[in-house]
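What follows is a set of notes on a single structure, which appears directly below.
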Amino acid sequence: MRAGRKKAWVGLAVVLVLTAMAAGAHASKRATATIVFGTEADPALMDPSLVSDGPSLRATDQIFNSLVGFQRGGTKIIPELATSWTTSKNGLAWTFKLRHNVKFSDGTPFNAAAVCVNFTRWYSFPAPLQNAALSYYWQTVFGGFRNPAAGNPGPDKSLYKGCKAHGVYSVSILLSRRSSSFLAAIGLPNFGIASPTALRKYQADAGTVDATGVFHPTGSFATQHPVGTGPYMLSNWSIGNKLELVANPRYWGPKPKIQRVIFRPIGDTAARLQALQTGEIQGMDGVNPADFGTIKGDKSLKLLTRPPFTVGYVGINQSIPPMNKLAVRQALAYGLDRKTVATAFYGGQGTTANQFLPPALFGFAKSGVPTYSYDPNKAKQLLQSAGLTLPVKVDFWYPTNVSRPYMPDPARNFQAFQASLEKAGFDVVPHSAPWRPDYRAGVQAGKDQLFLFGWIADFADPADFLNVHFGSQTPQFGFNNAPLFALLAKADAEPDYDKRVALYQQASVQVMKFLPVIPYVWSSSAVALKSNVKGYIPGPIGPVNEPFAALSIG
Amino acid sequence: MLKFVVRRLLLLVPILIGISLLVFAWIRALPGSPAESLLGEHATPQAIAQIRHQYGLDQPIYVQYWHYVQTLASGNLGTSITTQRTVVYELSQRFPATAELALGAMFFAIAVGVPLGFFAAKRYGGWFDHLSLVGSLIGISIPVFFLGLILKYVFAVRLGWLPSIGREDVLAENPHPTNFYILDAIIEGDPAALWDAVQHLILPAIALGSIPLAIVTRITRASVLDVQNEDYVRTARAKGLRPAVVDSRHVMRNALLPVVTIVGLQAGLLLSGAVLTETIFAWPGIGSWLAGAIFNRDYPVLQGGILFVAVVFVFVNLLVDISYAVINPKIRYS
Numbered sequence: 046m047r048a049g050r051k052k053a054w055v056g057l058a059v060v061l062v063l064t065a066m067a068a069g070a071h072a073s074k075r076a077t078a079t080i081v082f083g084t085e086a087d088p089a090l091m092d093p094s095l096v097s098d099g100p101s102l103r104a105t106d107q108i109f110n111s112l113v114g115f116q117r118g119g120t121k122i123i124p125e126l127a128t129s130w131t132t133s134k135n136g137l138a139w140t141f142k143l144r145h146n147v148k149f150s151d152g153t154p155f156n157a158a159a160v161c162v163n164f165t166r167w168y169s170f171p172a173p174l175q176n177a178a179l180s181y182y183w184q185t186v187f188g189g190f191r192n193p194a195a196g197n198p199g200p201d202k203s204l205y206k207g208c209k210a211h212g213v214y215s216v217s218i219l220l221s222r223r224s225s226s227f228l229a230a231i232g233l234p235n236f237g238i239a240s241p242t243a244l245r246k247y248q249a250d251a252g253t254v255d256a257t258g259v260f261h262p263t264g265s266f267a268t269q270h271p272v273g274t275g276p277y278m279l280s281n282w283s284i285g286n287k288l289e290l291v292a293n294p295r296y297w298g299p300k301p302k303i304q305r306v307i308f309r310p311i312g313d314t315a316a317r318l319q320a321l322q323t324g325e326i327q328g329m330d331g332v333n334p335a336d337f338g339t340i341k342g343d344k345s346l347k348l349l350t351r352p353p354f355t356v357g358y359v360g361i362n363q364s365i366p367p368m369n370k371l372a373v374r375q376a377l378a379y380g381l382d383r384k385t386v387a388t389a390f391y392g393g394q395g396t397t398a399n400q401f402l403p404p405a406l407f408g409f410a411k412s413g414v415p416t417y418s419y420d421p422n423k424a425k426q427l428l429q430s431a432g433l434t435l436p437v438k439v440d441f442w443y444p445t446n447v448s449r450p451y452m453p454d455p456a457r458n459f460q461a462f463q464a465s466l467e468k469a470g471f472d473v474v475p476h477s478a479p480w481r482p483d484y485r486a487g488v489q490a491g492k493d494q495l496f497l498f499g500w501i502a503d504f505a506d507p508a509d510f511l512n513v514h515f516g517s518q519t520p521q522f523g524f525n526n527a528p529l530f531a532l533l534a535k536a537d538a539e540p541d542y543d544k545r546v547a548l549y550q551q552a553s554v555q556v557m558k559f560l561p562v563i564p565y566v567w568s569s570s571a572v573a574l575k576s577n578v579k580g581y582i583p584g585p586i587g588p589v590n591e592p593f594a595a596l597s598i599g
Numbered sequence: 006m007l008k009f010v011v012r013r014l015l016l017l018v019p020i021l022i023g024i025s026l027l028v029f030a031w032i033r034a035l036p037g038s039p040a041e042s043l044l045g046e047h048a049t050p051q052a053i054a055q056i057r058h059q060y061g062l063d064q065p066i067y068v069q070y071w072h073y074v075q076t077l078a079s080g081n082l083g084t085s086i087t088t089q090r091t092v093v094y095e096l097s098q099r100f101p102a103t104a105e106l107a108l109g110a111m112f113f114a115i116a117v118g119v120p121l122g123f124f125a126a127k128r129y130g131g132w133f134d135h136l137s138l139v140g141s142l143i144g145i146s147i148p149v150f151f152l153g154l155i156l157k158y159v160f161a162v163r164l165g166w167l168p169s170i171g172r173e174d175v176l177a178e179n180p181h182p183t184n185f186y187i188l189d190a191i192i193e194g195d196p197a198a199l200w201d202a203v204q205h206l207i208l209p210a211i212a213l214g215s216i217p218l219a220i221v222t223r224i225t226r227a228s229v230l231d232v233q234n235e236d237y238v239r240t241a242r243a244k245g246l247r248p249a250v251v252d253s254r255h256v257m258r259n260a261l262l263p264v265v266t267i268v269g270l271q272a273g274l275l276l277s278g279a280v281l282t283e284t285i286f287a288w289p290g291i292g293s294w295l296a297g298a299i300f301n302r303d304y305p306v307l308q309g310g311i312l313f314v315a316v317v318f319v320f321v322n323l324l325v326d327i328s329y330a331v332i333n334p335k336i337r338y339s
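Chains as they are written, first to last, in the numbering used here: chain X, 46 to 599; chain C, 6 to 339.
Right, here's the structure in full:
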């Protein structure tokens, strides 16, 4: 019996060793023409006009081209499907000369008519697709629909007026008012041009609405047949497992070295990093700053940081005294120890902000911006010059149950700011509320005197930073500054690039003199890759404009 | 037996009605709505109001419930607000993943736990018994996510013996007619795909099965200790039956009844989704899916998904009850 048991144990040990040896070969041989990239989540849909999440934008950016694109690693607008463009004298018509001999991946020719089919489609979205969560970018950039659903703006409120094809390779986009910011916006994959044949054949807008109001798409364009002119096309999508792209043989640009791109959703950041370390993926986004040291210490990996493109700020509601006094706002600016917060709480990814626009964006003012170094004594002097008795009581709000790229830990930011303000002649009364829905509702309703907030840009144009926040009167900031509003409207309408840059630089300086907010940090994100992945240039608007067609392995 | 089964199935109706009401009310009691989740910083009051109106969330709650019942009556569990995919489709993709993981974990727990508990009872008071007790304590105390991370670090990152994430090699293009990857590989007669699926299941099944393993070991040990001192066991030994026959026919058959109960309860729990295990192993099951739906306030997913989990739980418990009668023919349901 004992001998029998011994044999059983030995046999088990042998099996285990053999299993381990066989298992050691689990890593499959990976062709260098394939890259597997770990993402935070599955894409929502593959119709770029109906998405706003990072994974969807990253994937659709490989499949679709827009009329314009962006210089890699930056925000400068460059030709893409349009080779050049001009604007009419009144600024209401933008005419694009289109690239010749381009075909969609299904063989449909790309031409002016195809551009108009797409723009008309977005303008004519049926009611269920006018949902702000679906057609967010159309509503943000153009606003208004041909047949608006209840509560939506109609043609009279829309920036978009129409699309006109002039022959095969020339098309005009007609606007209802002057705006130059839309050019940067239409460079996003959300305005990628889809094959009219595929839109029709796979019923891109078809669906039903159930009794609870949820739209059920019945077509397969967004889930199985997204057809564009980009370097890749959809090959396979297994929900929760992988989304696979293969090289588009009809692509008009340089043939990609990577023939197959696989996006693998791995929600947990630690799991994503471990998959990178084991080689199961060759790249990942959403790197936790706490892991930067691990990645930098591993010779088989490399860390690439994106230029910062978000801004964290202390918001000021000037409708609540004494915030209406410039001297008080200046005292706040001198009293906030912004450098300490930006350095200490952002895992090395924070830069002290001296203005609202991030440095990577045109319109960033390189000179003339007032500086507000931490100076508690100066803050006290300013408060006294405003006729106030120290300490000056302020109600300062911060959110709970949230972590945002511009404030990973709001409570810590608040505590540091509270301490520095109290040295500067303020008596800070803390208030907090859950981010969703109470905190945001309170801020947007104009109830909060001072508050922590931030901004993640929708598209690479200063209008998406400055005009959105300071282009008109809002309850959130509670001020009415007609000259600033006019300057920002003028900057947005200016068609000449160099003049626009100068106007936005001027506006940036004006904002920092007027101080409706006190920006304190620009934060950035990072991408981690295997060391043998070449050609990845992280850009400020990542994951957009980080083409996999430019990559190689080995 | 048939009457018993039919009666239990009929009980499902009031259970589902009750659960649908509870879940419906609970979800809407959570602060926030899908709008804030979908739009982030860009959620203006107007956009939030528009989305709430579109999804009928500004209607009285009884109206919302009535619309929900109408949707259910048409055989529709709803459509995800976040992904626009039907709940039924998502379940068809995700439940097999959860079921496979749960079955793997239970197989590990039973295959290791029952023999461990049996031998611990047979060597009562000895070093093996003490070791099994300590092991059980450790197994039940270690958080699943911590154990999972350690297993991945040792066996995937350092040793490279096993994969760290997913259900199969990402480059594999195996057909999945049932979405149960191991079963699919057997159906297709593909040993490489079978081994690939098994390899990917090993670490998450061990992590997830660690707590059930500890429980099964302890219950088996206690149950065997209890049964082996019964008169009928002594009688069987006195009659000269071989010890192996006594153990298998008389001891284990009766000792397994409490184990079956525990296994059934654990299986029901595991089938409802193992959020932490699925998250750290990027296992595309319903646990992580429902957890994400809570965060996004994806009402249709939560309502449909939780209803489905309730049905699964009831069926699993029914199977447990039926299995009693199979294991011990003396048990009769009238």
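For every residue, glycine included, the Cβ atom is placed at its ideal position computed from N, Cα and C.
Item to check | C-beta atoms of X:V562 and X:V556 nearer than 9 Å | outcome: The residue given as residue 562 of chain X occupies position 517 in the first sequence. The residue given as residue 556 of chain X occupies position 511 in the first sequence. Against a cut-off of 9 Å, the Cβ pair of X:V556 and X:V562 comes out as a contact.
Next on the checklist: Does the region 187–199 of chain X come into contact with the region 156–174 of chain X, if we say contact requires no fewer than three beta-carbon pairs (one atom in each stretch) closer than 8 Å?
Outcome noted: yes
Next on the checklist: Looking only at its chain, what residues have a beta carbon closer than 6 Å to the beta carbon of X:Y419, apart from the 5 residues adjacent to it on each side?
Outcome noted: Translated into the one-based positions of the first sequence, residue 419 of chain X becomes position 374. Cβ within range, chain order: D382.
Checklist entry - Just the Cα atoms here: how many angstroms apart are X:A76 and C:P65? => result Position 31 of the first sequence, counting from 1, holds the residue named residue 76 of chain X. Position 60 of the second sequence, counting from 1, holds the residue named residue 65 of chain C. Low per-residue confidence applies at X:A76: pLDDT is 49, beneath 50, and the placement is therefore not dependable, though the value from the model is reported in the following sentence. Each residue's alpha carbon lies about 57 Å from the other.
Checklist entry - Thinking just about the alpha-carbon of each residue, which of C:T222, C:V92, C:L15 is nearest to the one in C:Y304? => result On the second sequence, residue 304 of chain C is found 299 positions in, with the first residue counted as 1. Minimum Cα distance to C:Y304 is reached at C:V92.
Next on the checklist: Between X:K558 and chain C, is the shortest Cβ-Cβ distance under 9 Å, so that the two count as touching?
Outcome noted: Numbered from its first residue, the first sequence carries residue 558 of chain X at position 513. For X:K558, the answer is no, since every Cβ of chain C falls outside 9 Å of its Cβ.
Next on the checklist: For X:L321, report the span of its alpha helix (DSSP H) as first-last.
Outcome noted: Here residue 321 of chain X refers to the residue found at position 276 of the first sequence. Segment 314–323, the alpha helix (DSSP H) holding X:L321.
Checklist entry - Looking at C-alpha atoms only, which residue of X:G328, X:P301, X:A229, X:R305 is the closest neighbour of X:T314? => result Residue 314 of chain X sits at position 269 when you count from the first residue of the first sequence. If we check each option's Cα against that of X:T314, X:G328 comes out closest.
Item to check | Assigned exposure category for X:Y542 - 16 Cβ within 10 Å defines buried | outcome: Against the first sequence, residue 542 of chain X aligns to sequence position 497. Exposed.
Next on the checklist: Are there any heavy atoms of the ligand GTP lying less than 8 Å away from the beta-carbon of C:V139, as far as the coordinates show?
Outcome noted: Judged by which ligands are present, the structure shown has none, so any question about the ligand GTP falls away.
Checklist entry - Can you list the residues of chain C that X:K302 reaches, using a CB-CB cut of under 7 Å? => result Locating residue 302 of chain X in the first sequence gives position 257, counting from the first residue. Within 7 Å Cβ-Cβ: nothing; X:K302 doesn't reach chain C, min ~18 Å.
Checklist entry - Are the beta-carbon atoms belonging to C:S137 and C:F151 less than 9 Å from one another? => result Here residue 137 of chain C refers to the residue found at position 132 of the second sequence. Here residue 151 of chain C refers to the residue found at position 146 of the second sequence. Not a contact, by the Cβ cut-off of 9 Å.
Checklist entry - How many Å lie between C:P120 and C:L270 at the Cα? => result Translated into positions along the second sequence, residue 120 of chain C becomes position 115. Translated into positions along the second sequence, residue 270 of chain C becomes position 265. Approximately 20 Å, taken between the alpha carbons.
Checklist entry - Looking at C-beta atoms only, is the number of pairs between the region 130–146 of chain X and the region 212–223 of chain X that lie closer than 8 Å three or more? => result yes
Next on the checklist: Between which two residues does the alpha helix (DSSP H) holding X:E472 run?
Outcome noted: Sequence index remark: in the first sequence, residue 472 of chain X carries index 427 (1-based). The sequence as given places Asp at residue 472 of chain X; Glu does not occur at that position. That residue, X:D472, is in no alpha helix (DSSP H); its beta strand (DSSP E) goes 471–479.
Item to check | For X:F266 and X:D92, the rounded distance between their alpha carbons | outcome: If you number the first sequence from 1, residue 92 of chain X lands on position 47. If you number the first sequence from 1, residue 266 of chain X lands on position 221. So the two alpha carbons sit approximately 7 Å from each other.
Checklist entry - At what residues does the alpha helix (DSSP H) containing X:N458 begin and finish? => result Start at 1 with the first residue of the first sequence, and residue 458 of chain X comes out as number 413. Element bounds for X:N458: 455–468.
Checklist entry - Between which two residues does the alpha helix (DSSP H) containing C:W288 stretch? => result Indexing the second sequence from 1 puts residue 288 of chain C at position 283. Taken as a continuous stretch (DSSP letters only), C:W288 belongs to no alpha helix (DSSP H), as it is neither H nor E.
Checklist entry - Between C:A361 and X:S97, what straight-line distance do the alpha-carbon atoms span, to the nearest angstrom? => result Residue 361 of chain C lies beyond the residue range present for chain C, which begins at 6 and ends at 339; the question has no answer from this structure.
Item to check | chain X contact for C:T49 (CB, 9 Å cutoff) | outcome: Residue numbering aside, residue 49 of chain C sits at position 44 when the second sequence is read from its first letter. Judged by the 9 Å Cβ criterion, C:T49 is in contact with chain X.
Checklist entry - By a C-beta neighbour count over all protein chains shown, 10 Å radius and 16 as the cutoff for buried, is X:G357 buried or exposed? => result Residue 357 of chain X sits at position 312 when you count from the first residue of the first sequence. Counting Cβ neighbours within 10 Å, X:G357 comes out buried, since at least 16 surround it.
Next on the checklist: Taking 6 Å as the limit between beta carbons, can you name the residues of its chain near X:I501, skipping five residues before and five after?
Outcome noted: Mapped onto the first sequence, residue 501 of chain X falls at position 456. Here the set comprises T355.
Checklist entry - From what residue to what residue does the beta strand (DSSP E) around X:T445 run? => result Residue 445 of chain X sits at position 400 when you count from the first residue of the first sequence. Residues 437–445.
Checklist entry - Of all the CB atoms in chain C, is at least one closer than 9 Å to the CB of X:S94? => result Locating residue 94 of chain X in the first sequence gives position 49, counting from the first residue. So no, X:S94 is outside the interface.
Item to check | Anticipated Cβ contact below 8 Å, X:V147 with X:L179, distance rounded | outcome: As a first step, residue 147 of chain X must be located in the first sequence, where it is residue number 102. As a first step, residue 179 of chain X must be located in the first sequence, where it is residue number 134. Incorrect: roughly 28 Å between the Cβ atoms, too far for contact.
Next on the checklist: The beta strand (DSSP E) that contains C:P196, what's its start and end?
Outcome noted: Along the second sequence, read from residue 1 onward, the residue named residue 196 of chain C stands at position 191. That residue, C:P196, is in no beta strand (DSSP E); its alpha helix (DSSP H) goes 196–232.
Checklist entry - On the three-state DSSP scale, how would you describe X:R449? => result Working through the first sequence from its first residue, we reach residue 449 of chain X at position 404. X:R449: strand per DSSP, three-state reduction.
Next on the checklist: Please report the straight-line C-alpha distance between X:C208 and X:Q269, rounded to a whole angstrom.
Outcome noted: Position 163 of the first sequence, counted from the start, is the residue given in the question as residue 208 of chain X. Position 224 of the first sequence, counted from the start, is the residue given in the question as residue 269 of chain X. The alpha-carbon atoms of X:C208 and X:Q269 are separated by roughly 28 Å.
Checklist entry - Taking just the CA atoms, how far does X:N512 sit from X:G531? => result If you number the first sequence from 1, residue 531 of chain X lands on position 486. If you number the first sequence from 1, residue 512 of chain X lands on position 467. The sequence as given places Ala at residue 531 of chain X; Gly does not occur at that position. Roughly 10 Å between the two C-alpha positions.
Item to check | Expected contact under 8 Å - CB spacing of X:E205 and X:Y182 to nearest Å | outcome: As a position in the first sequence, residue 205 of chain X is number 160, starting the count at 1. As a position in the first sequence, residue 182 of chain X is number 137, starting the count at 1. A small correction: the amino acid at residue 205 of chain X is Tyr; Glu does not occupy that position in the sequence shown. No, X:Y205 and X:Y182 are not in contact; Cβ-Cβ is about 12 Å, not under 8 Å.
Item to check | Beta-carbon contacts of C:T84 that lie in its chain and below 8 Å, excluding the five residues immediately before and after | outcome: Counting from 1 along the second sequence, the entry for residue 84 of chain C is found at position 79. These residues qualify, in order along the chain: R90, T91, V92, P305.
Checklist entry - Three or more beta-carbon pairs under 8 Å between the region 191–199 of chain C and the region 161–170 of chain C, yes or no? => result no
Checklist entry - What's the gap between the Cα of X:N446 and the Cα of C:R302? => result Counted from its first residue, the first sequence places residue 446 of chain X at position 401. Counted from its first residue, the second sequence places residue 302 of chain C at position 297. Straight-line Cα distance between these residues: approximately 15 Å.
Next on the checklist: By the three-class DSSP mapping on this structure, what secondary structure does X:R75 have?
Outcome noted: Here residue 75 of chain X is taken as the residue at index 30 of the first sequence, counted from 1. Any reading at X:R75 must be qualified, since the residue scores a pLDDT of 48, below 50, and its modelled position is unreliable; the value itself is stated next. If DSSP states are grouped into helix, strand and coil, X:R75 belongs with coil.
Checklist entry - Hey, would you say X:T105 sits closer than 9 Å to X:I307, going by beta carbons? => result For the purposes of this step, residue 105 of chain X is taken as the residue at position 60 of the first sequence. For the purposes of this step, residue 307 of chain X is taken as the residue at position 262 of the first sequence. No, these two residues do not count as a Cβ contact at 9 Å.
Checklist entry - Out of curiosity, what's the CA-to-CA distance linking C:V10 and C:I327? => result The residue you call residue 10 of chain C lines up with position 5 of the second sequence. The residue you call residue 327 of chain C lines up with position 322 of the second sequence. When rounded, the distance between both Cα atoms is 8 Å.
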